[in-house]
Amino acid sequence: MKSRFFLGVLLIGGLPFLNSCKDEKDPEPPSPLVGVWARDVYQLTELPETFGNFEGLTVKSVYGDESYTLTFTNDKKYTRKLARPGPDFNDIGVWTYEGTDLTLDSDEADIDDEAFEVEGDITANQLVLSQIVTFPLLPDAVTDTLTDAWANTHEAELEQYFQNIDVKLLFLFEK
14 MKSRFFLGVL
24 LIGGLPFLNS
34 CKDEKDPEPP
44 SPLVGVWARD
54 VYQLTELPET
64 FGNFEGLTVK
74 SVYGDESYTL
84 TFTNDKKYTR
94 KLARPGPDFN
104 DIGVWTYEGT
114 DLTLDSDEAD
124 IDDEAFEVEG
134 DITANQLVLS
144 QIVTFPLLPD
154 AVTDTLTDAW
164 ANTHEAELEQ
174 YFQNIDVKLL
184 FLFEK
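Going by this note's numbering, the sequence shown opens with residue 14, and the numbers climb by one from there.
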């Protein structure tokens, strides 16, 4: 009789604990984006065939920036800092990451949302983002015939040969 009583108390007393375990959701694992990312270099890719001399070109600065840092937190907030000549650019807001699409939705009314594509896998120390952007570049027919010495002394004449083209710009970040 005592054993049934204790078994009943145990069952009745243990049910709330079992239910509480069911109601608790497993915490969502942190996104691989979470952390502080510093832009290492930019890389030009997917150029038209007549601009192949620039394919894969890596540069330290595209927008005059000296450094570019993105910080992503678990609560879907981000901070972006671009150090550049003149005033720095700082931005905060909310980020979303679905599939390969990363969107930065700024808290600032005068800053538009910015969309990136995540290229490949995000690793423990590398993040590659991309955007299609327009750049003025010289076609291969021009760059193949120029010497640096001539180009450096005839910059005004060279301007007429630049063409605005769409390229995929990779942002290579390190943690």
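Think of the CB as a built atom: it goes at the ideal place given N, C-alpha and C, for glycine as much as any other residue.
Residues of the same chain with a CB within less than 7 Å of the CB of PHE175, apart from the 5 flanking positions on each side, are PRO149, LEU150 and LEU151 in chain order. The DSSP-derived three-state label of ASP179 is strand. The beta-carbon distance between ALA137 and LYS188, rounded to whole angstroms, is 7 Å. This is short enough to meet the 8 Å contact definition.
Distance from the CA atom of ALA122 to the CA atom of ASN66, rounded to whole angstroms, is 40 Å. Taking THR63 as reference, the option from VAL131, ILE178 and GLU170 with the minimal CA-CA separation is ILE178. Counting only the Cα atoms, GLN144 lies some 20 Å from ALA96. When Cβ pairs closer than 8 Å are counted between the two stretches, the region 70–83 is seen not to touch the region 159–171, the count staying below three. A residue is called buried once 16 or more other Cβ atoms fall within 10 Å of its Cβ, and VAL180 is buried on that count.
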